[in-house]
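Asker: Residue numbers (the working numbering), protein chains in the order written: chain A, 181 to 393; chain B, 108 to 317; chain C, 7 to 129; chain D, 13 to 398.
#1: Rank D:54, D:72 and D:70 by C-alpha distance to the C-alpha of residue 64 (chain D) and give the top, closest one.
#2: Check whether chain C comes within 9 Å of residue 39 (chain D), counting only Cβ atoms and requiring the distance to be less than that.
#3: Measure the Cβ-Cβ separation of residue 203 (chain B) and residue 348 (chain D) and say whether it is below 9 Å.
#4: Could you give the DSSP three-state label for residue 199 (chain B): helix, strand or coil?
#5: Run the CB neighbour count on residue 188 (chain A), radius 10 Å, all protein chains shown included, and call it buried at 16 or more, exposed below.
#6: So with Cβ pairs under 9 Å, would you call residue 84 (chain B) a contact of chain A?
#7: Report the three-state DSSP secondary structure of residue 203 (chain A) (helix, strand or coil).
#8: Which residues of the region 350-364 of chain A have a Cβ closer than 7 Å to any Cβ of chain C? Give them in chain order.
#9: Between residue 397 (chain D) and chain B, is there a C-beta pair that is closer than 9 Å?
#10: Taking 8 Å as the line, does the beta carbon of residue 241 (chain B) fall inside it for any heavy atom of the ligand MG?
#11: Shorter than 9 Å from the beta carbon of residue 248 (chain B) to some beta carbon of chain D?
#12: Determine the direct distance from the alpha carbon of residue 265 (chain B) to that of residue 339 (chain D), and round the result to whole angstroms.
#13: Of all the alpha helix (DSSP H) runs that stay within the bounds of the region 249-315 of chain A, which reach a length of 4 or more residues?
#14: Any beta carbon of chain B sitting closer than 9 Å to that of residue 394 (chain D)?
#15: Taking buried to mean at least 16 other C-beta atoms within 10 Å of its own C-beta, is residue 329 (chain D) buried or exposed?
#16: Going along the chain, which unbroken runs of the alpha helix (DSSP H) with 4 or more residues stay wholly within the region 226-281 of chain D?
#17: Taking C-alpha atoms, which residue in A:360, A:253, A:325 and A:245 lies nearest to residue 308 (chain A)?
#18: With H, G and I counted as helix, E and B as strand and the rest as coil, what does DSSP make of residue 167 (chain D)?
#19: Any beta carbon of chain A sitting closer than 9 Å to that of residue 90 (chain C)?
#20: Excluding the five sequence neighbours on either side, which residues of its own chain have a C-beta within less than 8 Å of the C-beta of residue 370 (chain D), listed in chain order?
#21: If we count Cβ pairs, one from each stretch, closer than 8 Å, do we get three or more for the region 137-149 of chain B versus the region 222-231 of chain B?
#22: Name the residue from D:266, D:132 and D:74 whose alpha carbon lies nearest to the alpha carbon of residue 254 (chain B).
#23: Any contact between the region 234-246 of chain A and the region 205-223 of chain A? By contact I mean 3 or more CB pairs, one from each, below 8 Å.
#24: First and last residue of the alpha helix (DSSP H) that includes residue 180 (chain D)?
#25: Within 9 Å of any Cβ in chain E, is that where the Cβ of residue 265 (chain A) sits?
#26: Which of the three DSSP states is assigned to residue 51 (chain C) in this structure?
#27: If I measure Cβ to Cβ from residue 360 (chain D) and keep anything under 6 Å in the same chain, skipping five residues before and after, which residues do I get?
#28: List the residues of chain A that residue 162 (chain D) touches, going by C-beta distances under 8 Å, in chain order.
#29: Using CA atoms only, rank isn't needed, just tell me which of D:141, D:264 and D:189 is closest to residue 169 (chain D).
#30: Find out if the Cβ-Cβ distance for the pair residue 415 (chain A), residue 218 (chain A) is shorter than 9 Å.
#31: Give a yes or no on whether the minimum CB-CB distance between residue 296 (chain A) and chain D is below 9 Å.
#32: Can you name the start and end residues of the beta strand (DSSP E) that residue 357 (chain D) belongs to?
#33: When Cβ atoms are compared, which residues of the region 221-240 of chain B fall closer than 9 Å to chain D?
#34: So what does DSSP say about residue 209 (chain A), is it helix, strand or coil?
#35: Residue 85 (chain D) and residue 366 (chain D) - do their beta-carbons sit closer together than 9 Å?
#36: Could you tell me which whole alpha helix (DSSP H) segments of length 4 or greater appear in the region 234-310 of chain B?
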């Protein structure tokens, strides 16, 4: 079933798809986000669903309040340390397949409130994130662009084979540890399974100040 | 009604309270009234119910942390130096601070009066940090005093429900104090520089180097 | 199979059941083959706005709710009985309409008792 | 026949809530809840449908503005004020700029004052429009009124974007004026939006004000009396709904508000309906102010030439400046010790203090009414938790 034959058939009104394309097409065009706004980015998320930017064109305007019926969690706003256990528990309670869009600089890395004592420096310390949207707050068009990116990612998922997505793979975990409230900070401060710190070449001897080799 | 009249009026009506006017250096001219904690509750009740004051609207309650610090001020003193009378400026070391402070901004809705600033100070910053709560007088101080207790550690006696307002229950220290040490949550940055580089080094050396 | 009297009804029944059961069975087979079951302690926990839910939901409610529900049920069922009565309203003899009247008055009597005991009023 | 004379068993449910037969249901309308406009949690104890206890829990969006401000310069704190009450960023900037001007005694040129009034009142319009939309959504009209409200809000956000470069985080004010002058054609565009706004208000009023469902659900719900409001420090439209005649634009006469003639609407019985009507009427007053301000905007500099914003070191001292924000009295209490960083940067959050009476308003109401009462208080979590 090469492309040329498929497009030939397509012109004559015969749609030839594989089961996987049909499955992915069905799922990517009805991603239901969880009704979960944290801060300023939530207002831009609401503005994206309103008449002018209209997220409904991409099948995502149904904001489900309960995690059981949602398959996308948009972390829109600053995740504080007091809110982190709730975010991770909500993520655990969502049904597979589930995706995470980390919207705004605060959800990616703490954003302007990075030095805050009560601010978690990015939600990808506890849960795997699929799409990052920089910006503070990112414009509604940026959120729609993230949806398109997410839809492209869902489209490329394979049904079988070694690199099939997490929800089709039995031994990949679908739950992550929920941090506890410690005396001074969250315990554990990050989830080592998810948060792999790339090698930071800071020479302890402090020869080159800028931290590069 | 400037501050002196208010001060004299309070001293007339609330026996035995010691008031002190703290001048304010900025051109805003909002001088404040320091009240001693024992009579603060009586003064607050009087300020709210006095006929000509009627300060019935407590708009803002703020906690301020003044750690103890050396203040060296240059003082011009006359000194006899080898028999000659001379102007010599001497460095005077005075201790200032070393207490926690609660500042109340009071307004009158009926008489449209400007801010009357009331200050209360604790004895020290370690264990004697008790202050009388003014929530029974002005209900608006309820959450703000809980926030000061949470972030500064001033314990308000007589507060109906003194719990932490913003941090979680098990949190132990008071983060808004000047000597609060941040938890060491490692900030990964590809090109770490100055402040973040220092923290990254402390973190990495604490973790046994790289 | 001459055109059996009830043939269309049976076909319709099977078609309807097929439409209902079909996707469920398909989804079940799909889940069995492709997407594995990944339930865990945190996923099966009770969802309460992101918090760990404390307290129990099986508690004793005010009796008013129960009585309200029962009265609603009675009049709901009565409405079902009224349907054929309304459809065949034209050709009724005196006896049949008296029977229907007795049925109606019995239930209206029940409603009057409930209102008089002000069960339905809610503080 | 003694049985007959026995008193009939009383089957009716006892109207008084005696504890014996029904237990309380502890439920938390928690951080992630469609009705809480953000991460705000209320631990509610319910007797059937009636609220018996309600304890709000804060802190889920405590982003430490005040701690971070102590390590920032005065100018550096200005963008943080955008993110306090992230729906009306320009009035936050205005309150902070006003406090610093009081702290350092800076004058503001005429044109800057007019631009401040214009952008401030536009912010109030889009905040109240948004609130009315969200309040209808809490009441069950999911989506449609919010669509209309956000359509108007988008027009105003376009104006802000044209003027300051950002839709929501304008960072527009500076100590002694505004950051940038109105570009060519901006004032005409703003005039068009202002002229079109009353049509939206008439449309909203025709649809909603005399709507029976709205009146049935909001009248007499969540009542706050006048003394309670003043004692609990409630300010802004919520206080005026209970009859407290205290509008800082008339009381403090900050900026140039004494040059405009506008009325201050007051409510009588302080319930959710009055608060809703207050916002609708205040939108009309804001349109009046805007018309007068647009009519006589002078030309001239927009920054006081002799204030330097870079190395700005006010003298040691303190100042408390406040404005009439869309949510209430938004104040900044700044203590400076002569250095370039504020020693203490305190925000007086109207949203948090307006919530003081939340439990008093909700006791005895139904669960569905909590959602409306919270919606009528108009809280934004960035400002509540700071």
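Think of the CB as a built atom: it goes at the ideal place given N, C-alpha and C, for glycine as much as any other residue.
Given the structure is predicted, the values throughout are model-derived calculations rather than measurements.
Answerer: Walking through what the data contain:
#1: Ranked by Cα distance from residue 64 (chain D), the first of D:54, D:72 and D:70 is D:54.
#2: Taking Cβ atoms only, chain C reaches closer than 9 Å to residue 39 (chain D), which makes this a yes.
#3: Taking the C-beta atoms as reference points, residue 348 (chain D) is found no nearer than 9 Å to residue 203 (chain B).
#4: Three-state result, residue 199 (chain B): strand.
#5: Exposed, by the Cβ-count rule.
#6: Absent from the structure is residue 84 (chain B), since the part of chain B shown begins at 108 and ends at 317.
#7: In the three-state reduction of the DSSP assignment, residue 203 (chain A) falls in the helix class, which pools H, G and I.
#8: Of all residues in the region 350-364 of chain A, those with a C-beta nearer than 7 Å to a C-beta of chain C are 350, 354, 355 and 358, reading in chain order.
#9: Chain B contact via Cβ: present.
#10: Among the components modelled here there is no ligand, and therefore nothing to report on the ligand MG.
#11: At least one CB of chain D lies nearer than 9 Å to the CB of residue 248 (chain B).
#12: So the alpha carbons of these two residues sit roughly 30 Å apart.
#13: For the region 249-315 of chain A, whole alpha helix (DSSP H) runs of length 4 or above, ordered along the chain, are 264-273 and 285-289.
#14: With its beta carbon at least 9 Å from every one in chain B, residue 394 (chain D) lies outside the interface.
#15: With 16 or more other Cβ atoms within 10 Å, it is buried.
#16: Every alpha helix (DSSP H) of 4 residues or more that sits fully in the region 226-281 of chain D is shown, in chain order, as 238-243, 249-253 and 260-263.
#17: Nearest to residue 308 (chain A) by C-alpha distance, out of A:360, A:253, A:325 and A:245, is A:253.
#18: If DSSP states are grouped into helix, strand and coil, residue 167 (chain D) belongs with the helices.
#19: Cβ-Cβ to chain A under 9 Å: no for residue 90 (chain C).
#20: Only 54, 66, 68, 385, 386 and 389 meet the Cβ criterion.
#21: Counting Cβ pairs under 8 Å, three or more are found: they touch.
#22: Considering only alpha carbons, the answer is D:74.
#23: Counting Cβ pairs under 8 Å, three or more are found: they touch.
#24: Careful: residue 180 (chain D) lies outside any alpha helix (DSSP H) and carries neither H nor E.
#25: Among the chains of the structure shown, chain E does not appear; the protein chains present are A, B, C and D.
#26: Secondary structure of residue 51 (chain C) (DSSP, three-state): coil.
#27: For residue 360 (chain D), where only same-chain residues beyond five positions count, the Cβ hits under 6 Å are 343.
#28: Ordered by position in chain A, the residues that pass the 8 Å Cβ test against residue 162 (chain D) are 226, 227, 230, 231 and 232.
#29: Among D:141, D:264 and D:189, the Cα nearest to that of residue 169 (chain D) is on D:141.
#30: The displayed coordinates of chain A run from 181 to 393. Any statement about residue 415 (chain A) would go beyond what the structure contains.
#31: Yes, its Cβ sits closer than 9 Å to a Cβ of chain D.
#32: Boundaries of the beta strand (DSSP E) around residue 357 (chain D): 354-360.
#33: Across the region 221-240 of chain B, CB contacts with chain D closer than 9 Å involve 221, 222 and 224, in sequence order along the chain.
#34: Residue state, collapsed to three classes: coil.
#35: No.
#36: With a minimum length of 4 residues, the continuous alpha helix (DSSP H) runs that stay inside the region 234-310 of chain B are 248-258.
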